[in-house]
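So the sequence shown is numbered by numbering that gives the first Met the number 0: it starts at 0 and just counts up by one.
Okay, structure first, notes after.
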Amino acid sequence: MSIVEESEFKGNAMIVIKQSEEDQYPFQFGVKKAKLVLENIEAIKKFVEKNDKQSAEPASNN
Numbered sequence: 000m001s002i003v004e005e006s007e008f009k010g011n012a013m014i015v016i017k018q019s020e021e022d023q024y025p026f027q028f029g030v031k032k033a034k035l036v037l038e039n040i041e042a043i044k045k046f047v048e049k050n051d052k053q054s055a056e057p058a059s060n061n
C-alpha cells in the first residue's frame, strides 16, 4: 500500500506519494499539478487500464 504525506518545497505545499517508507524517489507535486490530475482523472484511468501489464489477461489460444 502506498504512503501519502504532505510536505513543503520553497514555501509551496506538496503532496508526496511513496510506494513504501524506504522509497528513495517518491512521486511528488504541488497544487497546480494536482489540479491537472483531478481535471484529467478519467483519461488517467483509461491510460492505466489500456497499458497496465499486471492486470492484463494472457491471450488465449482458442
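Glycine included, C-beta positions come from ideal geometry on N, C-alpha and C.
Model, not experiment: these values are computed from the prediction.
With a contact defined as Cβ atoms closer than 8 Å, Lys17 and Pro25 qualify at about 4 Å.
In the DSSP assignment, Glu41 falls within the alpha helix (DSSP H) that extends over 40-50. In this structure, Ile14 and Gln23 do not form a Cβ contact; the two beta carbons are roughly 18 Å apart against a cut-off of 8 Å. Beta-bridge partners assigned by DSSP to Val15: Glu4, Gln27.
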